[in-house]
Amino acid sequence: MQISNVKELNKIKKECLATQKEHPKKVLVCCGTGCIANGALKIVDSVRDGLAKRKLKDVSVEILKETGCHGFCELGPLVIIEPQETFYTKVKPKHVDDILDKSFLKNEVIEPLLFTNPIDGSKITKYNDISFFKHQQRIALRNLGKIAPHEIREYIGVDGYQALAKVLFKMSPDEIVDEISNSGLRGRGGGGFSTGRKWKICKNIKADKHYVICNGDEGDPGAFMDRSIMEGDPHGVLEGMMIAAYAIGAKEGYIYVREEYPLAVRHLEKAILDCERSGLLGENILGSDFSFTIKIARGAGAFVCGESSALMKSVAGEVGEPRAKYIRSVVKGLYDQPTVLNNVETLVNVPTIIRNGADWYKSIGTPKSTGTKVFSLVGKVRNTGLIEVPMGITLREIIYDIGGGILDDRPFKAVQTGGPSGGCIPEAMLDLPVDFDSLTEVGSMMGSGGLIVMDDKTCMVDVAKYFLAFLVEESCGKCTPCREGLYQLHKLLEKICAGKGEMSDIEKMERLSENVIIGSLCGLGKSGPNPLMSTLKYFKDEYIAHIKDKKCPAGVCPELITYKILDNCTGCMACIPACGYDAITGKKKEIHVIAQDKCTKCGACYAVCNFEAILVS
Amino acid sequence: MIHITINGKVVQAQEGEMLLTVIRREQIDIPTLCHHEAVEPSGACRLCMVEITKPEWDGWCDYVTSCLYPAADGLIVNTHAPKVNELRSSILDLYLARHPKSPEIRQLAAEYGVLKTQFEEIVDGNNCILCGICTRICDTMGFHAISMVGRGHGKEVAPPLNMAPEACVGCLSCAKNCPTNYIEYNMSNGRLTIWEKDFEMIACKECGKTTVTKEFAEYLSKNRDIPYDYFEKCDECHRKELATTMGRISNWDREARS
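Those protein sequence lines, which keep their order, are chains G and Z.
According to my numbering, the first sequence is numbered sequentially starting from 1.
According to my numbering, the second sequence is numbered sequentially starting from 618.
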């Protein structure tokens, strides 16, 4: 397949649309990493075999689509029947015959496989009627779950590379930069810097070479926005990079992606290869004078390599250590040349902005944070997964409308945004609009889009300790405040969680945090104390309970809690074998006893007791 | 030439020159642990941080590492602002917790009023402060025999795969420039051992004292145009030879004049 001019591109698009019209009936199987882990590839095989058995082998390519991630990973493998939009969850190979015979061929609905509304137990048939999807607005995720990401034709069929054609023949580099600036697009990797301004600074610097790098080094625990985009819409990322490259005058680009994302690497490699073969990458793209190549740089998974200067060192083959950025990387970046580094989500937004215009993009979101943001909503909410919402939506809407509220109807305690460098936001601020500036104002940050919801069973001191431990592990170790300071902050938190804290430790932590923030070299250290500072700000009473009363109010810190069996114990003996340390004794129909000297506070007995007879205090 | 203000005094500087150079030229004492004039600054120890501002910043100020911050016209620098002093003692406190046995760290910390750390001491630690002077010097020399390995609190200086480094020529630049004298080496019986690599040293033809390793002499003769046989004589014997030559020349002079 050769695409050497716009005419050929449009011809392929027409062919794709014609095929779609001819075969409106489809079976979409989600093949994102989450669903694959749940067995989606077996479903794909079964559907393929099933279609062959039903004499549909010749058209199985048109019917069966292995799509990218829908975001509702916990319910995978997901299967969608088009055009009815019937949404099946937790599909197993044994269900496939039924799905094909009843749902695909006869438009019937298989009720047991439908999504169950966790609030009222009702069954919901259509994808877009589920509250998890209903309240979303998908721009960055526009193609995820809709097209087969490894097929370039599929992308072309959904207006793929039309934005590239538009910029190459109808826009000057200055006009592109202005359009992106006008759209108000801000860096989705966390910094929130104006993308248009970044491009403009880089473009105006005279140099031998300019580079475009896509930052796919997503490292926040529980975050998978960029991974899903790279897996589910690799061509969207490539097109965004091509537009950026044309705007700033770059001939070479890199995608930095971690080796732990094998599927993303595979899909990107395939997409690059398809582009090179068809002429969408290489010399004189679409017959213009624009030439561009993209290489994949694989990272070894160090969190700090998501930081711009460390990432560029890693791409160049050096140790991924940040450098001081008194001279910015847009001026002196990769190989000391001006470099635009954009996050995956930022780049995938670019083609739609070019196609639909800055005004359209600006109409979504808030005046200062335009457009949408992808979040990975995880933790103690009913619906977890990948979501995309307009900026300015409140945390309450995300957690209660999309997330379906707190698991088991427990009280909400806090939501952690911005990954390890972000902060915890308490209930009083649930109506806070989610945008770059509001989150920063309350001591957290947008970050790359992690949202971890916590209920009353979460200990905030323990949460701070967890994130500090992560950062101690992931600090590159170059500068002293980050390497030694975060280590000591973590030690102090360990001390408090073990019931050995003193009131003076709080002041000590506050002072040290301030010095780590001022003194550290890069963003990792400068924002490292955030989880501690924000929990200390909003949940100070929990710290005091740990220190003064030697109690963990949430019942989490092992040194500060005890497990006791209450009088309502029925003597069912379920907890006795559950205890791995032989700490529980008792006879049938008699109240059991936990030997405190043997109890390790693992919580295994609590988990098996059906009579709420075990008290954690 | 540009003008910057350091601690209230207007001084001249070159555009783009690093602040630390200007500060030290003005004989103002600020501590550093990772700075070495022979190598590129890295900004690792953070002790040279200073407070900077400009009249147009409306009272806002920033804290930057002076070793990496280029001087700019009109910049107002305070090398000992209260916040800077606090930051320095906090960093030295952290160093003291990590390296309680290092005499160099103890002395510097004491100068900033930190006699005992308020943090948890690491008792079984070593005296490597991870300043990176050794690795940067090795890189600058062109050997790349040692580098920083690992990350975070477990970071260390080591040769590749922790094996005797092939690229090491035994020049001793790392050990001789280590601010805490941490890098060990052994020189005896005409041999040198460093980074677990064993070298044969050249013996002085005159007195038998060792000069440099054969590998280092080969490197210098090949890359720096110093004749190999120069290293076959020790510094002292070179000096003796020079004195003898000078004496002879004086004698010829006298004889010629008389």
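Beta carbons are placed, not taken as given, at the ideal position from N, Cα and C, and that holds for glycine.
Point to revise | With 16 other Cβ atoms within 10 Å as the buried cut-off, status of Z/Cys824 | key: The residue you call residue 824 of chain Z lines up with position 207 of the second sequence. Result: exposed.
Practice item. Would you mind working out which of G/Asp98, G/Lys495, G/Lys206 sits nearest G/Pro558, comparing C-alpha positions? Key: In the first sequence, residue 558 of chain G corresponds to position 558, counting from 1. Nearest C-alpha to G/Pro558: G/Lys495.
Check your understanding: Which stretch, first to last residue, makes up the beta strand (DSSP E) that contains G/Gly145?
Key -> By 1-based counting over the first sequence, the position of residue 145 of chain G is 145. Unbroken run through G/Gly145: none, as it is neither H nor E.
Check your understanding: Whose Cβ in chain Z lies nearer than 7 angstroms to the Cβ of G/Gly485?
Key -> Residue 485 of chain G sits at position 485 when you count from the first residue of the first sequence. Within 7 angstroms Cβ-Cβ: Leu711.
Check your understanding: Looking only at C-alpha atoms, which of Z/Thr810, Z/Lys857, Z/Gly730, Z/Tyr845 sits nearest to Z/Glu703?
Key -> Mapped onto the second sequence, residue 703 of chain Z falls at position 86. It is Z/Gly730.
Practice item. Please list the segments of the alpha helix (DSSP H) lying wholly inside the region 656-736 of chain Z, counting only runs of 4 or more residues, in order along the chain. Key: 699-715, 720-728
Review point. Can you name, in chain order, every residue of its own chain whose Cβ lies under 7 angstroms from the Cβ of G/Asp456, other than the five neighbours on each side?
Key: Sequence index remark: in the first sequence, residue 456 of chain G carries index 456 (1-based). Closer than 7 angstroms at the Cβ level, and outside the excluded window around G/Asp456, lie Arg410, Pro411, Lys413, Ala554.
Review point. Tell me the DSSP bridge mates of Z/Gln629?
Key: In the second sequence, the residue the question calls residue 629 of chain Z occupies position 12. Beta-bridge pairing links Z/Gln629 to Z/His620.
Check your understanding: Going by alpha carbons, who is nearest to G/Val6 out of G/Tyr487, G/Lys170, G/Lys92?
Key -> On the first sequence, position 6 is the one that residue 6 of chain G refers to. Comparing Cα-Cα distances from G/Val6 to each of G/Tyr487, G/Lys170, G/Lys92, the minimum goes to G/Lys170.
Review point. Excluding five sequence neighbours on each side, which residues of the same chain lie with their C-beta closer than 7 angstroms to the C-beta of G/Ile205?
Key: As a first step, residue 205 of chain G must be located in the first sequence, where it is residue number 205. The residues are Val331, Pro338.
Practice item. Assign G/Gly317 to one of three DSSP states: helix, strand, or coil. Key: As a first step, residue 317 of chain G must be located in the first sequence, where it is residue number 317. Of the three classes helix, strand and coil, the one that applies to G/Gly317 here is coil, per DSSP.
Review point. Using a beta-carbon distance below 8 angstroms, is G/Leu512 in contact with chain Z?
Key: Position 512 of the first sequence holds residue 512 of chain G. Output row for G/Leu512: interface = yes.
Check your understanding: Pick from Z/Val627, Z/Ala873, Z/Leu789: whose alpha carbon is nearest that of Z/Leu809?
Key -> Here residue 809 of chain Z refers to the residue found at position 192 of the second sequence. Closest option to Z/Leu809, Cα to Cα, is Z/Leu789.
Check your understanding: What's the C-alpha gap between Z/Thr622 and Z/His653?
Key -> As a working note, residue 622 of chain Z is residue 5 in the second sequence. As a working note, residue 653 of chain Z is residue 36 in the second sequence. Cα-Cα distance, rounded: 24 angstroms.
Practice item. Could you pull out every residue in the same chain whose Cβ sits closer than 7 angstroms to the Cβ of G/Gly379, ignoring the five residues on either side in sequence? Key: Within the first sequence, the letter at position 379 stands for residue 379 of chain G. Ile452, Val453, Met454.
Review point. In the region 755-775 of chain Z, which residues sit with their C-beta less than 8 angstroms from some C-beta in chain G, listed in chain order?
Key: Ser764, Met765, Gly767, Arg768, Gly769, His770, Gly771, Lys772
Review point. Any Cβ of chain B within less than 8 angstroms of the Cβ of Z/Pro648?
Key: Protein chains in the displayed structure are G and Z, and chain B is not among them.
Exercise for review: Name the two residues that bound the continuous alpha helix (DSSP H) containing G/Asp49.
Suggested key: Along the first sequence, one-based indexing puts residue 49 of chain G at 49. Counting along the chain, the alpha helix (DSSP H) containing G/Asp49 begins and ends at 40-53.
Exercise for review: Determine the chain G residues that contact Z/Ile708 at a beta-carbon separation under 7 angstroms, and present them in chain order.
Suggested key: Against the second sequence, residue 708 of chain Z aligns to sequence position 91. Under the 7 angstroms cutoff, chain G gives Thr480, Pro481, Gly519.
Point to revise | Residue span of the beta strand (DSSP E) that contains G/Gly379, given as start and end | key: Reading the first sequence from its first residue, position 379 is the one you call residue 379 of chain G. Looking at the DSSP string, the run of the beta strand (DSSP E) that includes G/Gly379 is 372-379.
**Study point:** Residue nearest to G/Asp273 in terms of C-alpha spacing, selected from G/Ile243, G/Ser308, G/His235
**Key:** Along the first sequence, one-based indexing puts residue 273 of chain G at 273. Looking at the sequence provided, one finds Leu at residue 273 of chain G rather than Asp. Selected option, being the one with the closest Cα: G/His235.
Exercise for review: Could you name the residues of the region 660-673 of chain Z whose beta carbon sits closer than 7 angstroms to any beta carbon of chain G, in the order they occur along the chain?
Suggested key: Gly660, Ala661, Cys662, Arg663, Met666
Practice item. State yes or no: is the beta carbon of Z/Thr682 nearer than 8 angstroms to at least one beta carbon in chain G? Key: Translated into the one-based positions of the second sequence, residue 682 of chain Z becomes position 65. It does: the Cβ of Z/Thr682 has a partner Cβ on chain G nearer than 8 angstroms.
**Study point:** Any chain G beta carbon closer than 8 angstroms to Z/Arg753
**Key:** Your numbering for residue 753 of chain Z matches position 136 in the second sequence. Z/Arg753 does not count as touching chain G.
Check your understanding: Nearest-angstrom Cα distance between G/Tyr127 and G/Leu78?
Key -> To locate residue 127 of chain G, count along the first sequence from 1; it is residue 127. To locate residue 78 of chain G, count along the first sequence from 1; it is residue 78. So the two alpha carbons sit approximately 11 angstroms from each other.
Exercise for review: Report yes if the CB atom of G/Ile294 is closer than 8 angstroms to the CB atom of G/Leu238, and no otherwise.
Suggested key: Your numbering for residue 294 of chain G matches position 294 in the first sequence. Your numbering for residue 238 of chain G matches position 238 in the first sequence. It is a contact, given that the beta carbons lie within the stated cut-off.
Exercise for review: Flag this pair as yes or no: are the beta carbons of G/Asp435 and G/Val556 separated by less than 8 angstroms?
Suggested key: Position 435 of the first sequence, counting from 1, holds the residue named residue 435 of chain G. Position 556 of the first sequence, counting from 1, holds the residue named residue 556 of chain G. Not closer than 8 angstroms, so no.
Point to revise | Segment contact flag, the region 563-583 of chain G with the region 524-541 of chain G, C-beta cutoff 8 angstroms, min 3 pairs | key: no
Review point. Taking 8 angstroms as the CB-CB cut-off, is Z/Leu725 touching chain G?
Key: Counting from 1 along the second sequence, the entry for residue 725 of chain Z is found at position 108. By this cut-off, Z/Leu725 is not an interface position.
**Study point:** Entirely enclosed alpha helix (DSSP H) segments - the region 115-145 of chain G, minimum 4 residues
**Key:** 131-134
**Study point:** Residue of Z/Lys822, Z/Asp870, Z/Val766 minimising C-alpha distance to Z/Glu858
**Key:** The count along the second sequence starts at 1 and reaches residue 858 of chain Z at position 241. The shortest C-alpha separation from Z/Glu858 is found at Z/Lys822.
Exercise for review: For my contact list, G/Cys605 and G/Thr535 are in at a C-beta cut-off of 8 angstroms; report their separation, rounded to the angstrom.
Suggested key: As a first step, residue 605 of chain G is located in the first sequence; it is residue number 605 there, counting from the start. As a first step, residue 535 of chain G is located in the first sequence; it is residue number 535 there, counting from the start. About 29 angstroms; that fails the 8 angstroms criterion.
Review point. What did DSSP end up calling Z/Glu634 once you bin it into helix, strand or coil?
Key: Position 17 of the second sequence, counted from the start, is the residue given in the question as residue 634 of chain Z. Residue state, collapsed to three classes: coil.
Review point. Where does G/Pro426 fall in DSSP's three states?
Key: Indexing the first sequence from 1 puts residue 426 of chain G at position 426. G/Pro426: strand per DSSP, three-state reduction.
**Study point:** 8 angstroms contact criterion, which G/Met533 and G/Ser504 should meet: CB distance rounded
**Key:** Along the first sequence, one-based indexing puts residue 533 of chain G at 533. Along the first sequence, one-based indexing puts residue 504 of chain G at 504. Not a contact, Cβ separation roughly 17 angstroms.
Check your understanding: Listed from N- to C-terminal order along the chain, which residues in the region 457-481 of chain G have their beta-carbon within a distance smaller than 8 angstroms of any beta-carbon of chain Z?
Key -> Val472, Glu473, Glu474, Ser475, Cys476, Gly477, Lys478, Cys479, Thr480, Pro481
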